[in-house]
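First comes the structure, then the notes that go with it.
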Amino acid sequence: MLNFMTKRLFVAALVAFTVSVIAFSLLRLSGDLATMIAGEDASAQDIEIIREQYGLNKPYHLQYLDWLGDGVQGDLGESMFYPEEVTALIKDRLPNTLTLAGLGVLFAMGLAIPMGVIAALRPDSWVDRTALTIAVLGQALPGFWFALMLMFVFGLFLRWLPISGNETLAHFILPAISLGYYSTPAVMRLTRTGMLEVLNSDYIRTAHAKGLPTFVILFKHALRNAIIPVVALSSVQFGNMLGGSVVTETVFQIQGIGHLAWESISRNDFPVVQAVLLLVACFYIVLVLLGDLLNAWLDPRLRVT
Amino acid sequence: MPPSDTKVAGKGLGSLPDDDDRGVPSVESVMQPDAFTMFSRRVIGHRSFMVAAIIMITLIIVALFAPVLAPHDPLGQDLDRRLMPPVWNEAGSWTHPLGTDMMGRDYLSRLIYGARVSLIIGFSAMMISGVLGTVMGVCAGYFGGKVDMVITFLLTTRLTLPVIMVALALVAVVGGSLNTVILVLGFLLWDRFTVVMRSATMQIRNLDYIRAANAIGCSTRRIIFSEIMPNVLGSLLVIATFEIAHSILLEAALSFLGLGVQPPTPSWGLMVSEGKDYMLFDPYLVMLPGFAIFLLVLAINLLGDGARDILAPENRN
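Protein chains in written order, with this note's numbering: chain A, 90 to 394; chain B, 839 to 1155.
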């Protein structure tokens, strides 16, 4: 287990490093950032001042090391639009995104796990087929359009829920549904396969044979085992949702890091974009690692590879 | 051996008159039909695949013949005819069957041309990502060892990057256009090809016939192209359909966020974005293009699901 963990940690660190290089170089692909920041009618002198100010006159690798060195100490530079440090800006916005993604995962699990269990109990029944149909239809829905439809029906037409902003928890309901819906098919399929596998195993037959009530067998014996990979998957999905929050937050005007990323990308606010990219990627790395470790801890066979 | 042998024998026996009366199954029902008949039966018998194929063919025809089918110029503005409702509305007229948008452009024509944008982007991006991902996956699976390690690392890194954010940033840097979007998506979405091709190649790599090919001295190139590729083609086709759908959805999202295909190009995602401020009073502006994306992606996904069932019925789950 220890060996497995060190290996995984090493790979994770290497991936994080590579991602930081990518995040850094992504915005320098376009050529001269200083010219871009200065705007169209800036003089050569202005551009030179900007270049000096942001350290853009140094070679790329030194710029990168400066950025990384400061970043490790919690200083990711200053936003070019907001009069704030990037770190403060992100600290301010992150809770909204975490709330959104957290509720999204809850919604996905709350919908998908019961559906998966029912589908596994009655394979090929109408329940199973309905669940599958919902999954197939859901995968074809464009996220932003689904969000707008939710807004239209529950916000504008029925007037049940607020449609923009992030003041109360109610503001997060529609966004969480629109974000979480995409994870339901995957979670449902995994629950279904896991349950089918467990239900056919010997110890469940034994439990039946010794006369345990079906309810106890299902929830205490079967689901408990089938749910582990589902929890691991959900943690990965949570990571995906942080990235996917761009669309949802933009549609519902939630002041989270997804919205921040979109704003900053549109405005060439590269310190913020770099930081958000790196942050989301790091979250993902940690979540995947947790998922892997969770799986490996519970299933020793996985530790070998 | 003449292939018709069994058939002739089958016909002769099957024509015995009282086969069924004696409760003995007829020879036709026991006999396996030839591979092609079985295949076409599976295709035609697969209902969702057939429905999806019909939708897909229709949409492709619409996209191909857009200039003939579109009643108006998709870019032609007419500010006197802004926001005309569709024909099912009382105020609608057949001149603009699906109404006009806020610039007075015919909505039906824009939707028809939008099919072009989506299909071109979906297919082209898939071609790029498909080639990239397949090469990487097959190499990782075939060579193993260090090659596999490097490619797996690249794959892990790619999966770590939030696709939509990176795509947005790249498009912003390079400038939004049809070609940029195709390239960005093509270079971002190769992961699933690599994952599937890698494991498929790994499985095949250790089979006896590959060892045999190796033993008789076939070159690596020959083994990969004539022994391995034909056997992973099925999975490749299935992934390809899903990746077309994936690219179409992402293009729509990028265009919706203003960093994809640029106006006035009629992209469905862009149309939803342009229409969203008018959603309350003119919901068709948002409903129609969104539904078009949904329909196209649904058809492609069903084709993929169907192809998987038809090509490899044994690994349906």
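Each residue gets a CB set at the ideal place from its N, CA and C atoms; glycine is no exception.
Option in the options with minimal Cα separation from residue i
i: residue 919 of chain B; options: B:907, B:961 and B:941; result: B:941
i: residue 929 of chain B; options: B:984, B:1084, B:1120 and B:882; result: B:1120
i: residue 227 of chain A; options: A:213, A:259, A:284 and A:275; result: A:275
i: residue 346 of chain A; options: A:362, A:387 and A:262; result: A:362
i: residue 193 of chain A; options: A:280, A:165 and A:337; result: A:337
i: residue 1141 of chain B; options: B:1005, B:890, B:1133 and B:1018; result: B:890
i: residue 998 of chain B; options: A:280, A:103 and A:90; result: A:103
i: residue 1145 of chain B; options: B:1106, B:871 and B:878; result: B:878
i: residue 1026 of chain B; options: B:993, B:1073 and B:1123; result: B:993
Helix, strand or coil at residue i according to DSSP, with G and I counted as helix
i: residue 998 of chain B; result: helix
i: residue 1147 of chain B; result: helix
i: residue 1065 of chain B; result: helix
i: residue 174 of chain A; result: strand
i: residue 404 of chain A; result: Since the first residue of chain A shown is 90 and the last is 394, residue 404 of chain A is not available in this structure.
i: residue 849 of chain B; result: Bear in mind that a pLDDT of 43 at residue 849 of chain B, under 50, signals an unreliable position, so the number given afterwards is only what the model happens to contain. Three-state result, residue 849 of chain B: helix.
i: residue 938 of chain B; result: strand
i: residue 217 of chain A; result: helix
i: residue 944 of chain B; result: strand
i: residue 376 of chain A; result: helix
i: residue 1081 of chain B; result: helix
i: residue 352 of chain A; result: helix
i: residue 928 of chain B; result: coil
Separation of residue j from residue i, as counted between CA atoms
i: residue 1067 of chain B; j: residue 1047 of chain B; result: 14 Å
i: residue 1044 of chain B; j: residue 1061 of chain B; result: 12 Å
i: residue 1160 of chain B; j: residue 203 of chain A; result: What the structure shows of chain B is the stretch from 839 to 1155, and residue 1160 of chain B is not part of that stretch, so it cannot be assessed.
i: residue 1099 of chain B; j: residue 917 of chain B; result: 23 Å
i: residue 171 of chain A; j: residue 906 of chain B; result: 50 Å
i: residue 369 of chain A; j: residue 297 of chain A; result: 46 Å
i: residue 1011 of chain B; j: residue 116 of chain A; result: 6 Å
i: residue 1006 of chain B; j: residue 294 of chain A; result: 52 Å
i: residue 967 of chain B; j: residue 897 of chain B; result: 23 Å
i: residue 912 of chain B; j: residue 873 of chain B; result: 47 Å
i: residue 232 of chain A; j: residue 1002 of chain B; result: 12 Å
i: residue 970 of chain B; j: residue 985 of chain B; result: 15 Å
i: residue 318 of chain A; j: residue 218 of chain A; result: 23 Å
i: residue 306 of chain A; j: residue 383 of chain A; result: 23 Å
i: residue 309 of chain A; j: residue 288 of chain A; result: 12 Å
Neighbour list for residue i in chain B, Cβ cutoff strictly below 9 Å
i: residue 373 of chain A; result: 997, 998, 999 and 1000
i: residue 111 of chain A; result: 995, 999 and 1004
Closer than 8 Å at the beta carbon, the chain B residues around residue i
i: residue 302 of chain A; result: Correct list: empty, because the minimum Cβ distance to chain B is about 29 Å.
i: residue 189 of chain A; result: Those within 8 Å of residue 189 of chain A in chain B number zero; the least Cβ separation is about 14 Å.
i: residue 268 of chain A; result: Ordered by position in chain B, no residue passes the 8 Å Cβ test against residue 268 of chain A, which lies about 12 Å from the chain.
i: residue 369 of chain A; result: 1000 and 1003
i: residue 183 of chain A; result: The premise fails here: residue 183 of chain A is roughly 15 Å from chain B at the closest Cβ pair, so nothing lies under 8 Å.
i: residue 100 of chain A; result: 991 and 994
i: residue 339 of chain A; result: 1095
Proximity test, Cβ basis, 7 Å: residue i and chain B
i: residue 311 of chain A; result: no
i: residue 241 of chain A; result: yes
i: residue 245 of chain A; result: yes
i: residue 307 of chain A; result: no
i: residue 124 of chain A; result: no
i: residue 332 of chain A; result: yes
i: residue 361 of chain A; result: no
i: residue 104 of chain A; result: yes
i: residue 107 of chain A; result: yes
i: residue 336 of chain A; result: yes
i: residue 115 of chain A; result: yes
i: residue 366 of chain A; result: yes
CB contact check: residue i to chain A, cutoff 7 Å
i: residue 1094 of chain B; result: yes
i: residue 1076 of chain B; result: no
i: residue 982 of chain B; result: no
i: residue 994 of chain B; result: yes
i: residue 1128 of chain B; result: yes
i: residue 1087 of chain B; result: yes
i: residue 890 of chain B; result: no
i: residue 957 of chain B; result: no
i: residue 1124 of chain B; result: yes
Residue i: contacting residues in chain A (beta-carbon distance under 9 Å)
i: residue 1131 of chain B; result: 229, 230, 231 and 234
i: residue 1117 of chain B; result: 237, 240, 241 and 245
i: residue 1110 of chain B; result: 231, 233, 234 and 237
Neighbouring residues, chain A, relative to residue i (Cβ below 8 Å)
i: residue 1139 of chain B; result: 225, 228 and 229
i: residue 1010 of chain B; result: 354, 355 and 357
i: residue 1121 of chain B; result: 241
Partners in chain B for residue i, counting only beta-carbon separations shorter than 7 Å
i: residue 351 of chain A; result: 1006 and 1095
i: residue 343 of chain A; result: Under the 7 Å cutoff, chain B gives no residues; its nearest Cβ is about 14 Å from residue 343 of chain A.
Partner residues on chain A for residue i, Cβ-Cβ distance less than 7 Å
i: residue 1091 of chain B; result: 231, 232, 233 and 336
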